[in-house]
Every structure is written in C-alpha cells, then in structure tokens.
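Asker: Provided herewith is a single structure, encoded as structure tokens, for subsequent inquiry.
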Amino acid sequence: MTIGLIRMIIQVILIVALIINIIYTYKLVKAYKTNTEVCTFLLKSWKEKGVYKEEK
71 MTIGLIRMII QVILIVALII NIIYTYKLVK AYKTNTEVCT FLLKSWKEKG
121 VYKEEK
C-alpha cells in the first residue's frame, strides 16, 4: 500500500515537472523569437539612419 502511494506521488511530481518544463521551454522560445525580431528591427532602423554600417 505505502509503496504504491509513494510511486503515485513520484509519478504526479514527474508529470508536474514535465508540464512546468514544457511551459518554461515555450516561454524561452517565445522570448528568443521576440528578441530576434527586436534586434532585426533595430538593425534596419539604424541602417536607414546611417548609424550602423555593415562591414564589407
């Protein structure tokens, strides 16, 4: 009885950890995409203003 209970608790903990992991990964990927978009936008606007020049 107690062994079954312990196993059940461990399984629940693992499932919760997996869900948290998935949510965290999703947020991380979303943040990375947003960051990339912001950087691309900044580079474009700097190039237009002549602040940033690409090295040839």
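Under our numbering, think of the first position of the sequence shown as 71, with each following residue one higher. Glycine included, each C-beta is placed from N, C-alpha and C at the ideal position. Computed from a predicted structure; not experimentally measured.
1) From tyrosine 96 to valine 108, what does the alpha carbon distance come to, in whole angstroms?
2) What's the gap between the Cα of valine 121 and the Cα of leucine 88?
3) What is the DSSP secondary structure of valine 121, counted as helix, strand or coil?
4) State the DSSP-derived secondary structure class of isoleucine 71, mapped to helix, strand or coil.
Answerer: Looking at the atomic coordinates:
1) Walking along the sequence shown from the start, residue 96 turns up at place 26. Walking along the sequence shown from the start, residue 108 turns up at place 38. Going by the C-alpha atoms only, they are around 18 Å apart.
2) As a first step, residue 121 must be located in the sequence shown, where it is residue number 51. As a first step, residue 88 must be located in the sequence shown, where it is residue number 18. The straight-line gap from Cα to Cα measures roughly 45 Å.
3) Translated into the one-based positions of the sequence shown, residue 121 becomes position 51. Coil.
4) Sequence index remark: in the sequence shown, residue 71 carries index 1 (1-based). The residue asked about is misnamed: residue 71 is methionine in this sequence, not isoleucine. If DSSP states are grouped into helix, strand and coil, methionine 71 belongs with coil.
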